[in-house]
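Since the structure comes first, as structure tokens, the remarks are kept for the end.
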Amino acid sequence: MASNHPSLHPLARTIRNLSSLFPHRDDAAEEAALYYRRACLAAAEERYDVALIFCGKALEVDTGHLATRLLVAQIRHRGLNDIDAAIAAYRKVITLAGYDGENPYCAAARAGLDQLVHGRVDGASSAEEAARQA
């Protein structure tokens with residue numbers, strides 16, 4: 000049922016155009032979750048480059064999607080062994096989770112970060128010990 004009032008047509012057209020630029024939060028969350036699931040499948044197949052592309056798409060839609068951010072950190076850490084990028088990614092998850100230890104993503108990111116830090120320290124001390132013994 001269209002209105003014949005002339006001033007409503009431009010307003011309705013403007014609102015319709017603007018609303019198409021900003022997806023509903025539920026739509027964005029669903030789209031991010033879809034990209035996240037695709038990233039998980041790619042990571043499970045050890046196609047880390049593809050997984051990171053899907054992660055990037057999920058984060059374009061929902062920058063605060065913690066599951067995706069944690070997956071990026073884990074891919075950088077365990078899949079690509081890119082320690083510096085993994086540390087930055089884990090820290091980002093912790094920050095976005097509000098440093099809340101009750102948040103499962105924050106807790107997982109802290110555990111990953113601890114593993115990296117202790118792995119670096121243990122690796123350095125093992126190398127130093129091997130050098131002393133040689």
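The opening position of the sequence shown corresponds to residue 0 in numbering that gives the first Met the number 0, with each subsequent residue numbered one higher.
Every residue gets a Cβ at the ideal spot worked out from N, C-alpha and C, and that includes glycine.
{"Item": "Just verifying my parser: in three-state terms, what is the DSSP assignment at D113?", "Value": "helix"}
{"Item": "Which value, in whole angstroms, describes the spacing of the CA atoms of G111 and I86?", "Value": "9 Å"}
{"Item": "Could you round the C-beta distance between A106 and G97 to whole angstroms and report it? I think they count as a contact, below 8 Å.", "Value": "In fact, because the Cβ distance is near 12 Å, the residues do not count as touching under 8 Å."}
{"Item": "Taking the alpha helix (DSSP H) that D81 belongs to, which residues open and close that run?", "Value": "From DSSP, D81 is part of no alpha helix (DSSP H); its letter is neither H nor E."}
{"Item": "Rounded to whole angstroms, what is the Cα-Cα separation between A88 and A72?", "Value": "5 Å"}
{"Item": "Does the beta-carbon distance from D81 to R90 come in below 7 Å?", "Value": "no"}
{"Item": "Excluding sequence positions up to five away, which residues of its chain have a Cβ less than 8 Å from the Cβ of H117?", "Value": "none"}
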